[in-house]
Ligand code: AMP
Ligand code: FES
Ligand code: ZN
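Residue numbers (our numbering): 0 to 298.
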């Protein structure tokens, strides 16, 4: 197969785009997709101070490198969850990546906050992944707001987004459907949140990471049974094979024509938020979710 652009030998085949690319034209393709993702949805500009949540995985590291190459003002944020072996390995990879590429990195240590995930797991009698997600989102938000970042970016890709959309749709979850997308506007006490890789599949970011020589952390979390939404990802893989391009079309059509219907109705049923009585984080329940986790641990 030949590169669609320069006719050299292709090294990456992308049926969804009916194209093959050589290494250099593939990197241009990837950059254009990220740029379209950012501009098309008005995610942020070069004036913004962007805090990029780095897990040490390929998606978030690929995102940080590409944003840096495109001259955005970025800083990395790693949340150290203190999970034996996994957190240390992911932290090492992230620190080396940032040092190598000259990216400033903030690290938040959950053990020091009394929120080491193994401890939370031991004391709480509910699935750890949802508590862990809550802890991560809390620190993404707090770190962004306390340090004057205007945007918080995560490495979620098209496969993550489409699987979540499928799960929300199968339940016709009005409130999640109204919020889902690459941009969640900031509001009182909440940072603006963006997912600039929303146009790119996991396969596409993996290719970018490979071609850019990014060393990343592969091992899944020892506490989760597998990646989230695995079932929906498998279904979509089959659909995409027989209908190349369907994934991106479906997601874009949702943003343009599906989501507005849910958003209008959500404003009527919105809940009232007030600062957490202990830490000031916005909550609808007096004490925020993370302060409640702390209370349960110490209780
Ligand atoms: P996941 O939910 O693990 O698929 O991660 C989704 C996104 O959340 C990643 O692409 C990162 O941007 C961010 N993320 C996950 N875990 C961490 C972490 N420990 N520290 C910082 N960011 C993270
Ligand atoms: Fe949070 Fe596994 S990363 S429970
Ligand atoms: Zn609180």
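Think of the CB as a built atom: it goes at the ideal place given N, C-alpha and C, for glycine as much as any other residue.
Item                                                                                                                                                                          : Value
As a quick check of your reading: which residues have a C-beta less than 5 Å from at least one non-hydrogen atom of the ligand AMP, in chain order?                           : 52, 54, 58, 59, 77, 78, 153 and 154
By the 10 Å Cβ neighbour count, where 16 or more other Cβ atoms means buried, how is residue 237 classified, buried or exposed?                                               : exposed
So, at 7 Å on beta carbons, what are the nonlocal neighbours of residue 275 in its own chain, with the 5 sequence-adjacent residues on each side left out?                    : 282, 286, 287 and 290
Evaluate residue 267 with the Cβ neighbour count: other Cβ atoms within 10 Å of its Cβ, from every protein chain shown; 16 or more gives buried, anything less gives exposed. : Reliability fails at residue 267, whose pLDDT of 49 lies under 50, so the model's placement of it is uncertain and the value that follows must be treated cautiously. Answer is exposed; the Cβ neighbour count stays below 16.
Kindly examine the ligand FES and report whether one of its heavy atoms sits closer than 8 Å to the Cβ of residue 223.                                                        : yes
Can we count residue 254 as close to the ligand ZN, meaning its CB is less than 8 Å from some heavy atom?                                                                     : no
Quick one: what's got a C-beta closer than 6 Å to residue 244's C-beta in the same chain, skipping five residues either side?                                                 : 15
Three Cβ pairs or more, each shorter than 8 Å: is that satisfied between the stretch 87-95 and the stretch 198-216?                                                           : yes
Of all residues in the structure, which have a C-beta closer than 5 Å to any heavy atom of the ligand ZN, taken in chain order?                                               : 275, 277, 278, 280, 287 and 290
Compute the minimum distance between the beta carbon of residue 80 and the heavy atoms of the ligand FES, and state whether it is under 8 Å.                                  : yes
Check residue 282 in the structure and name its three-state DSSP category.                                                                                                    : strand
Are residue 21 and residue 34 touching if we call contact CB-CB under 9 Å?                                                                                                    : no
I'd like to know if the stretch 31-45 and the stretch 62-72 are in contact, where contact means that at least 3 CB-CB pairs between them fall below 8 Å.                      : yes
Relative to the C-alpha of residue 28, which candidate in 41, 12 and 40 has its C-alpha closest?                                                                              : 12
Determine which residues share a DSSP beta bridge with residue 72 and list them.                                                                                              : 48
Within its chain, find whatever has a CB closer than 8 Å to the CB of residue 258; leave out the 5 residues flanking it on each side and keep chain order.                    : 176, 177, 179 and 180
Which partner residues does residue 116 have in the DSSP bridge list?                                                                                                         : Paired residues: none, contrary to the question.
Looking only at C-alpha atoms, which of 117, 150 and 137 sits nearest to residue 84?                                                                                          : 117
Can at least three beta-carbon pairs, one atom from the stretch 250-257 and one from the stretch 95-109, be found at a separation below 8 Å?                                  : no
Given a cut-off of 9 Å, decide if residue 153 and residue 192 are closer than it, judged by their beta-carbon atoms.                                                          : yes
Using the rule of at least 16 other Cβ atoms within 10 Å of the residue's Cβ for burial, across every protein chain shown, is residue 17 buried or exposed?                   : exposed
Relative to the C-alpha of residue 82, which residue among 128, 32, 67 and 94 is closest?                                                                                     : 128
Please tell me whether, using a cut-off of 8 Å, the distance from the CB of residue 296 to the nearest non-hydrogen atom of the ligand FES is below it.                       : no
Would you check if the distance between the CB atom of residue 149 and the CB atom of residue 49 is smaller than 9 Å?                                                         : yes
Taking C-alpha atoms, which residue in 194, 135 and 76 lies nearest to residue 36?                                                                                            : 194
Beta carbon of residue 292: closer than 8 Å to some heavy atom of the ligand FES?                                                                                             : no
Going by alpha carbons, who is nearest to residue 24 out of 97, 173 and 4?                                                                                                    : 4
Using three-state DSSP, classify residue 106 as helix, strand or coil.                                                                                                        : strand
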